[in-house]
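K.L.:
Below: one structure in structure tokens.
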Amino acid sequence: MAADINPLQASRRLNLLSLFTSGSTLICCALPATLVAIGSVATLTSLISHFPQLIWISEHKPLVFGLAAAMLLIAGWMQWRARLLPCPTDPQLAALCTKTRRQSMWIYGFSVLIFLLGAFFAFVAPLFI
24 MAADINPLQA SRRLNLLSLF TSGSTLICCA LPATLVAIGS VATLTSLISH
74 FPQLIWISEH KPLVFGLAAA MLLIAGWMQW RARLLPCPTD PQLAALCTKT
124 RRQSMWIYGF SVLIFLLGAF FAFVAPLFI
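With the working numbering applied, the sequence shown covers 24 to 152.
In structure tokens:
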């Protein structure tokens, strides 16, 4: 079954996984900082009481960011590898292949943007406070 997955499909799956791990960096650092900045400490307190795992994620942010960075590097490598793979000769499948590649690049770029935003709030913004 795993042999049926071509590098383009694997790249897309890794991109979605990198999007998920990058999102965790926002939850750990950007969301709490934003809520405190806009004066919604009560909302943050309520959020933490409903999801106490947020405290663990915040306490282990180097691990969270390390895993997210690893996923982004793997996804980027797979994206780089799949960029020159031939698409099928069938016009419909070729159009789908091209669309999938474009979507994968957008997802990957968005993942990197989310990661950088989370990294800013986790490591750079506290230096200014």
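Idealized CB from N, CA, C, for every residue including glycine.
In this text the structure is predicted, and so the values were computed from the model without any measurement.
#1: Roughly how many angstroms lie between the CA atoms of F43 and L37, to the nearest whole one?
#2: Quick check: the region 48-68 against the region 100-116, are at least 3 beta-carbon pairs closer than 8 angstroms?
#3: Pull up the CB-CB distance for L77 and L86, whole angstroms please, since I reckon it's below 8 angstroms.
#4: If F133 and L95 are in contact, beta carbons under 8 angstroms, what's the gap, nearest whole angstrom?
#5: Around the C-beta of S41, are 16 or more other C-beta atoms found within 10 angstroms, so that it is buried, or is it exposed?
#6: Just confirm the distance between the C-beta atoms of I50 and I97, as a whole number of angstroms; I'd bet it's less than 8 angstroms.
#7: For S127, count the other beta carbons within 10 Å of its own beta carbon; 16 or more makes it buried, fewer makes it exposed. Which is it?
#8: State the DSSP-derived secondary structure class of S63, mapped to helix, strand or coil.
#9: Roughly how far, in whole angstroms, is the beta-carbon of A118 from the beta-carbon of T48, given that I think they are within contact range, below 8 angstroms?
#10: Give the range of the alpha helix (DSSP H) segment to which C120 is assigned.
#11: Among the candidates G89, W103, A93, whose CA atom is the shortest distance from the CA of R124?
P.N.:
By the coordinates alone:
#1: Per the coordinates, the alpha-carbon of F43 lies some 10 angstroms from the alpha-carbon of L37.
#2: The answer is no - the region 48-68 does not touch the region 100-116, with fewer than three Cβ pairs under 8 angstroms.
#3: Contact doesn't hold; Cβ gap of about 14 angstroms is too wide.
#4: Not really, about 11 angstroms apart at Cβ, beyond 8 angstroms.
#5: With 16 or more other Cβ atoms inside 10 Å of its own Cβ, S41 counts as buried.
#6: That pair is no contact at about 21 angstroms.
#7: With 16 or more other Cβ atoms within 10 Å, it is buried.
#8: Residue state, collapsed to three classes: coil.
#9: Contact between A118 and T48 is ruled out by a C-beta separation of about 34 angstroms, above the 8 angstroms threshold.
#10: From DSSP, the alpha helix (DSSP H) with C120 extends over 114-142.
#11: Among G89, W103, A93, the Cα nearest to that of R124 is on W103.
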